[in-house]
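Comments concern the structure below.
Number of protein chains: 2
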Amino acid sequence: MKSASAHSSEHSNSPIYIKLAHRLRQQIEDGAISAGEALPSERDLCKIMGASRVTVRKATELLIEEGLLSRRQGSGTYVTPRIQAPGSFLSSFSEDAEARGEATDTIWIMKAIGSATEEETRILELPKGADVARLSRVRMAGGEPLAIENAVVPADMLPDITHLGNSLYQALDQRGNRPVTGQQKIRAALAGSTEASLLSIPENSEILRIERLTRRADGRPVELTRSAYRGERYEFVSELRGPFVVL
Amino acid sequence: MKSASAHSSEHSNSPIYIKLAHRLRQQIEDGAISAGEALPSERDLCKIMGASRVTVRKATELLIEEGLLSRRQGSGTYVTPRIQAPGSFLSSFSEDAEARGEATDTIWIMKAIGSATEEETRILELPKGADVARLSRVRMAGGEPLAIENAVVPADMLPDITHLGNSLYQALDQRGNRPVTGQQKIRAALAGSTEASLLSIPENSEILRIERLTRRADGRPVELTRSAYRGERYEFVSELRGPFVVL
DNA sequence: AAGTGGTCTAGACCACATA
DNA sequence: ATGTGGTCTAGACCACTTC
């Protein structure tokens, strides 16, 4: 045996600020620093972690970009209460719905493991013959269906799919497969008959089709999700950060 | 008179790394460092700009996030050749079209200055009674219309709208009003009769409606654009960076 | 007034690229 | 071998928040 560490990524040769960020992230996720309240001051962290202040700041800056922390000058560095405004992510399901005080619900229409198709193998960068979990859900809010989501995940990245709660990401996180980057393609389309009936809308209504491929920190694809959202009820908000295309 | 500086934003009290970033950005845009090639080394920049290396790096990091620069360890810091893959921006008009070898064109359908409506005043954070430029275009590719764009810009941010080329952003840039952040809302819709005829598609075809509000570095709104894209021809790609919503 | 984050310096060593 | 970016330190002063 080498030593501790069960994660796949090697931390031994990483720069100090990366290690500090990991330590802090874990303490936050373990609830050792619990949401909403402040970290030790930067100067205290220096003593605790045995690093200079510049390095401590570089570590916390990472976590700020991830949305886990936020700093307030003169006050302190705080654990972000509930992970919030999604940067460049969807605007999104539970968020919108809860903001309107609607109850949200998820209906599973498929939960299965099978071998990956040729397309899935290619997109998820899997070895031939690998297994994938296929997860299809209808998202409800206020008793109405609002979206269909079809996710495909490499089978070894998920624990037991029969015990899956409503949050796919939470399950992925448990195995260290938290997605941190990705790409999303959005297009307008007209509802086909299957979609129309699942969403309780007329055929040829407008819908938003979204295809999303997310990846772990090490770049390995985690999740290919193709969704259809009711066009009259949902809009997708994304923050823009330079560089801007000259168009 | 105070001194030099014709810009509206006050640079006097900004931190050094902000000022350095501005100086570098200008030199790059003036072509003094010309695309594709390397900046002076960080240690040389320290002498030239009279700052420490940490500060110089913080400045170049800003420009890297903007996409103007990129660093290669052991080699140097380079001016990014053509501003490229847009992070979280549209995928986009000329880009896609040119990738397919289609000629792109723009037809102006309106270019006017008038006083802002109540809604425009609010969204663009203008004083009451301020003037705005309204710019409407149809985007063509391969001889076909592909999108309608309606932009509203505070009149004082644009030079002479009669001499406006095809690139709104280029014109904005000339007056130091380059947008660097923004928010974009995307939804699916069905084409109304006006849109259908401008885009040469049947009524009730699927279209993508996009509303975009961009801002300058100082946070002032620059441009409110509402567009309609032909749904069968366009899809919007956006990169995702954490934090991810748990959904 | 005391504590916090925000900025800055001068100097150091390492890892990588290039010749 | 030299030069480049990547990381790190120890200490300093400023601006802001909090009491």
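Protein chains in written order, with my numbering: chain A, 1 to 247; chain B, 1001 to 1247. Virtual Cβ for every residue (Gly too), placed ideally from N, Cα, C.
- When Cβ-Cβ separations below 9 Å define contact, Q1027 of chain B makes no contact with chain A.
- Chain B has no Cβ within less than 9 Å of the Cβ of Q174 of chain A.
- T194 of chain A and S1205 of chain B have their alpha carbons spaced roughly 19 Å apart.
- When secondary structure is reduced to three states using DSSP, L1039 of chain B falls in the coil class, being assigned neither helix nor strand.
- Your pair R1220 of chain B and E1125 of chain B checks out as a contact, with CB atoms roughly 7 Å apart and the cut at 8 Å.
- L1240 of chain B has A:G182 as its beta-bridge partners, per DSSP.
- Per DSSP, R134 of chain A lies in no alpha helix (DSSP H) segment; the continuous beta strand (DSSP E) that holds it begins and ends at D131 to A141.
- Beta-bridge annotation (DSSP): E195 of chain A is not paired with any residue.
- Assignment of Y229 of chain A by DSSP, reduced to helix, strand and coil, places it in the strand class.
- Straight-line spacing of the CA atoms in T1121 of chain B and V1153 of chain B works out to 11 Å.
- Here DSSP, grouped into helix, strand and coil, assigns E1065 of chain B to helix.
- Per DSSP, L164 of chain A lies in no beta strand (DSSP E) and is assigned neither H nor E.
- The continuous stretches of beta strand (DSSP E) do not include T1121 of chain B, which lies in the alpha helix (DSSP H) extending over residues E1118 to I1123.
- Nearest C-alpha to E102 of chain A among A:L20, A:V132 and A:E144: A:E144.
- Annotated as proximal: A228 of chain A and I148 of chain A, with beta-carbon spacing under 9 Å.
- Under the DSSP assignment, Y169 of chain A falls in the alpha helix (DSSP H) whose first and last residues are L168 to Q174.
- Setting aside the 5 residues that flank it on each side, A1155 of chain B is surrounded in the same chain by I1113, D1131, V1132 and A1133, each with a C-beta closer than 6 Å to its C-beta; the list follows chain order.
- Secondary structure of A32 of chain A (DSSP, three-state): coil.
- Listed along chain B is no residue with a C-beta nearer than 8 Å to that of T225 of chain A; the closest approach is about 10 Å.
- N150 of chain A has A:S136 and A:R226 as its beta-bridge partners, per DSSP.
- If you draw a straight line from the Cα of N1177 of chain B to the Cα of I1107 of chain B, it comes to about 24 Å.
- Rounded to the nearest whole angstrom, the C-alpha separation of D1160 of chain B and G1031 of chain B is 24 Å.
- In the three-state reduction of the DSSP assignment, D105 of chain A falls in the strand class.
- In this structure, the alpha-carbon of G165 of chain A lies about 13 Å from that of S136 of chain A.
- In terms of Cβ geometry, L1224 of chain B and I1207 of chain B do not form a close pair [threshold 9 Å].
- Within the same chain, T121 come within 7 Å of K128 of chain A by CB-CB distance, once the 5 residues on both sides are set aside.
- At a cut-off of 9 Å, the C-beta of A133 of chain A has no neighbouring C-beta in chain B.
- Within the model, the alpha-carbon separation for L1069 of chain B versus K1058 of chain B is close to 13 Å.
- Taking a Cβ-Cβ cut-off of 7 Å, the neighbours of L1190 of chain B in chain A comprise E206, given in sequence order.
- By alpha-carbon distance to K1019 of chain B, the top candidate from B:G1050, B:E1042, B:L1039 and B:I1210 is B:G1050.
- Per DSSP, the unbroken beta strand (DSSP E) holding Y1078 of chain B starts and ends at G1076 to V1079.
- At a Cβ-Cβ threshold of 9 Å, V138 of chain A and I109 of chain A count as neighbours.
- For the 9 Å CB-CB criterion, R1072 of chain B and I1064 of chain B do not form a contact.
- Annotation for L1039 of chain B: L1024, I1033, L1045, T1060, L1069, G1076, T1077, Y1078 and V1079 place their beta carbon closer than 8 Å to its own, counting only its chain and skipping 5 residues before and after.
- Counted as a single uninterrupted DSSP element, the beta strand (DSSP E) harbouring L208 of chain A occupies residues E206 to R215.
- For a Cβ distance threshold of 8 Å, residue set K185, I186 and R187 of chain A lies close to E1235 of chain B, ordered along the chain.
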